[in-house]
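The sequence shown: position 95 = 95 (UniProt numbering), numbered continuously.
What follows is a single structure, written as structure tokens, with notes after it.
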Amino acid sequence: MKRKLIQGYPYISYSRPQISGDESIEKSNDFYHDLSHRRTVREFSTRPIPEEVITNLIKTAGSAPSGANKQPWTFCVVTNPLIKKQIRIAAEAEEKVNYASRMSSTWIQDLKHLGTDWEKPFLEEAPALLVVFKQSYGIKDGQKIQHYYVSESVGIACGFLIAAIHQAGLVTVTHTPSPMNFLASILDRPDFEKPFLLLPIGFAKEETLVPDIVKKPLEDILVHY
Ligand code: IYR
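Written out as structure tokens, the structure is:
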């Protein structure tokens, strides 16, 4: 591995083996096909997830790019049934109000084909809940550290995480109860951490059904110049 200082900062060689165009086509096609089979699943098997899988998922998310490489995220893994129950109770209390009065009738109508409602049994049934926090700023040696593009960075890390969950043979649902500050209080997070996304993870319950929905065709999402 080559090491070099440029303007006083350390650099190392970017050493990833070159592949041919054909190999690149094959890999991108395989990756697309694998990820295109990902589905949001709300019904979980109680089968436990090996601990190492969970740490690998978090390592994958933590490998994402971020503004100035500040990595403005914290990933909490909740497996304790009592804490999962507390989270379910708090999330359902908010969702009950959302579905009853906070969401517009258009919004309610737009969700009909997905079959969602205020009840969130998956928050207790899934063997683990990943609660992602974004850090508006960081703290190191008692000093405040500026973070940049926080939501974008954490969103990208969550994309990595969701892909990794799928690749590990697990399923998840991107759950964003709103408001979700109860997550910070239940998990006792510091003030500079704000809840970003809640991902229950586990193996899918056998014979579960998912809505028959399709993605937009390429011509609707791709513009060539
Ligand atoms: N947060 C609610 C409602 C909800 C909103 C959207 I946009 C969805 O795609 C799905 C659900 C819930 O979790 O039920």
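We treat Cβ as the ideally placed atom computed from N, Cα and C, and that holds for glycine.
_Three-state secondary structure assigned by DSSP to F203_ = If DSSP states are grouped into helix, strand and coil, F203 belongs with coil.
*Quick one: what's got a C-beta closer than 8 Å to V173's C-beta in the same chain, skipping five residues either side?*
Cβ neighbours of V173 beyond the five flanking positions: T40, V41, R42, F122, L199, P200.
_Same chain only: Cβ atoms within 6 Å of Q71, ignoring 5 sequence neighbours per side_ = Counting only Cβ-Cβ distances below 6 Å, and skipping sequence neighbours, we find nothing.
*asked:* Using only CA atoms, which one of K144, Q135, I139 lies nearest to V154?
replied: The shortest Cα separation from V154 among K144, Q135, I139 belongs to Q135.
*Does the Cβ of R88 have 16 or more other Cβ atoms within 10 Å, making it buried, or fewer, making it exposed?*
Note on R88: 16 or more other CB atoms within 10 angstroms of its CB, so buried under the neighbour-count rule.
*How is Y99 classed by DSSP in three states: helix, strand or coil?*
Reduced to three states, the DSSP call for Y99 is helix.
_Let me check you understand the geometry: is the CB of N98 closer than 7 Å to at least one non-hydrogen atom of the ligand IYR?_
Distances from the CB of N98 to the heavy atoms of the ligand IYR include at least one below 7 Å.
_Quick check: does the Cβ of P177 come within less than 7 Å of any heavy atom belonging to the ligand IYR?_
Correct: P177 has its Cβ closer than 7 Å to the ligand IYR.
*From Q143 to Y137, what does the alpha carbon distance come to, in whole angstroms?*
If you take the alpha carbons of Q143 and Y137, they lie about 10 Å apart.
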